[in-house]
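Residue numbers (full-length UniProt numbering): 1 to 173.
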């Protein structure tokens, strides 16, 4: 595109090259994008240029998402609202997956339930696969088998730990 040294005839006596006139015609849009992305940016201070490029791509992607959303719908939302909605939608699948992990701490699971607006399943919805299992709260070395389950989370509880609900659910309520 800019391999030749042709002069733009529209510049008159200044005789500017086509490359310069093309730059001057498009530099305003770059400034506009910079202004819009600097208010809500994902960029952090760093000296690694690949990371700077990645942050710039994320910022421009967020701006493009806002423009596409507003052109496709008649709804006008602020940039902050659109970016928050976009971030939540991008995280939703991962948060739902993390809710299925048994090793996740209880407080994090409770926060994820609140954040995702997912109600905890009732005991009737939980299907027990086994009739008995190892107590969730006893040491593995004790190897205590239990047939009773928590009324909230359906985990197995031995006679020493049973209180209508398991200790974790009892503390939460």
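A virtual CB, placed ideally from N, CA and C, is assigned to each residue, including glycine.
None of the values given here were measured: they were computed from a predicted structure.
CA-to-CA distance, residue 78 to residue 38, given in whole angstroms: Residue mapping note: residue 38 aligns to position 38 of the chain shown, counting from 1. Residue mapping note: residue 78 aligns to position 78 of the chain shown, counting from 1. In a straight line, the C-alpha of residue 38 is about 15 Å away from that of residue 78.
Using a threshold of 8 Å, state whether the C-beta atoms of residue 63 and residue 42 are closer than that. Here residue 63 refers to the residue found at position 63 of the chain shown. Here residue 42 refers to the residue found at position 42 of the chain shown. No. Outside cutoff.
8 Å Cβ shell around residue 69 - same chain, five flanking residues per side excluded: Here residue 69 refers to the residue found at position 69 when the chain shown is read from its first residue. These residues qualify, in order along the chain: 75, 77 and 82.
Leaving out the 5 sequence neighbours to the left and right, which residues in its chain are closer than 6 Å to residue 161 when beta-carbon positions are compared? Here the question's residue 161 lines up with position 161 in the chain shown. Once the five neighbours on either side are set aside, the close Cβ partners of residue 161 are 137.
Taking the alpha helix (DSSP H) that residue 82 belongs to, which residues open and close that run? Taking the chain shown and counting its residues from 1, one reaches residue 82 at position 82. Looking at the DSSP string, the run of the alpha helix (DSSP H) that includes residue 82 is 79 to 99.
Is it buried or exposed, residue 92, if we count other Cβ atoms within 10 angstroms and call 16 or more buried? What you label residue 92 is simply residue 92 of the chain shown in a count that begins at 1. Classification for residue 92: exposed.
Please indicate yes or no: does the CB of residue 27 lie closer than 7 Å to some heavy atom of the ligand MN? Because no ligand of any kind appears in the structure shown, any question about the ligand MN cannot be addressed here.
DSSP state of residue 149, grouped into three classes? Position 149 of the chain shown, counted from the start, is the residue given in the question as residue 149. Residue 149 falls in the strand class under three-state DSSP.
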